[in-house]
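Below is one structure, written out as structure tokens, with a few remarks after it.
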Amino acid sequence: MSDYSIELADEPAMVAFGEHLAACCTEGAVIFLHGDLGMGKTTLSRGVLRGCGHQGSVKSPTYTLVEPYETPAGPVYHFDLYRLGDPEELEFLGIRDYFDERSLSLIEWPERGAGILPVADLEIEIRVEGTGRLLSWQYNTEKGRKLADSLRKG
0 MSDYSIELAD EPAMVAFGEH LAACCTEGAV IFLHGDLGMG KTTLSRGVLR
50 GCGHQGSVKS PTYTLVEPYE TPAGPVYHFD LYRLGDPEEL EFLGIRDYFD
100 ERSLSLIEWP ERGAGILPVA DLEIEIRVEG TGRLLSWQYN TEKGRKLADS
150 LRKG
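For the sequence shown, counting from 1, position 57 maps to 56 in numbering that gives the first Met the number 0; every step adds exactly one.
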């Protein structure tokens with residue numbers, strides 16, 4: 000996916016990386032999370048939410064499509080589009096209202112919303128690497144480039 004990558008050994012490492020990602024998000028962003036079932040997309044999202052100051056539980060929004068969180072760092076929207084039947088359904092959700100300069104949007108299964116979702120600032124792919132995970136990322140915008148560079152330096 001890119002020359003930006005990191006190997007993570009286990010679930011605590013995935014959560015810690017998510018916390019680091021949150022710290023790098025100094026302004027709103029749209030982040031696509033790619034990976035097969037069970038790769039850790041929701042675990043990564045849990046880390047991001049913790050990094051934004053959320054203290055409660057984080058559940059996968061598989062059936063609701065989106066879980067909104069008001070955090071000390073600002074609004075975070077966790078999307079899971081796995082069960083989305085048609086990208087047009089997102090229009091009925093008022094999807095465009097979720098994306099602004101302040102909000103951070105984490106989107107699992109973004110390919111299911113193709114043509115409706117905005118361009119991602121950053122795309123993260125998660126895949127198996129030995130007994131852990133390999134995360135690789137690429138940017139699509141200037142905001143994403145800054146975010147990708149901050150992640151690499153971390």
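Here a beta-carbon is modelled for each residue, glycine too, at the ideal position from N, C-alpha and C.
Please read these numbers as outputs of a predicted model, since none were measured by experiment.
{"query": "In DSSP terms, what V29 is bridged to", "result": "S104"}
{"query": "N- and C-terminal bounds of the alpha helix (DSSP H) containing D148", "result": "141-152"}
{"query": "Beta-carbon separation (whole angstroms), T61 vs D79, contact threshold 8 Å", "result": "5 Å"}
{"query": "Below-8 Å beta-carbon distance, E100 vs any chain B residue", "result": "The structure shown contains no chain B; it is built from a single protein chain."}
{"query": "Burial state of T42, where buried means 16 or more other Cβ atoms lie within 10 Å", "result": "buried"}
{"query": "Exposure of S56, with buried meaning 16 or more beta-carbon neighbours within 10 Å", "result": "exposed"}
{"query": "CB of E26 within 8 Å of CB of G50, strictly", "result": "no"}
{"query": "Cβ shell of P117 (< 7 Å), same chain only, five flanking positions each side left out", "result": "V29, F98"}
{"query": "Simplified DSSP state of Y97, which is helix, strand or coil", "result": "helix"}
{"query": "Candidates K142, A15, G84: closest to L121 by CA position", "result": "K142"}
{"query": "Three-state secondary structure (DSSP) of E87", "result": "coil"}
{"query": "C-beta contact flag for L89 and I115 at 8 Å", "result": "yes"}
{"query": "Supposed close pair L133, S4 - CB separation, criterion 8 Å", "result": "6 Å"}
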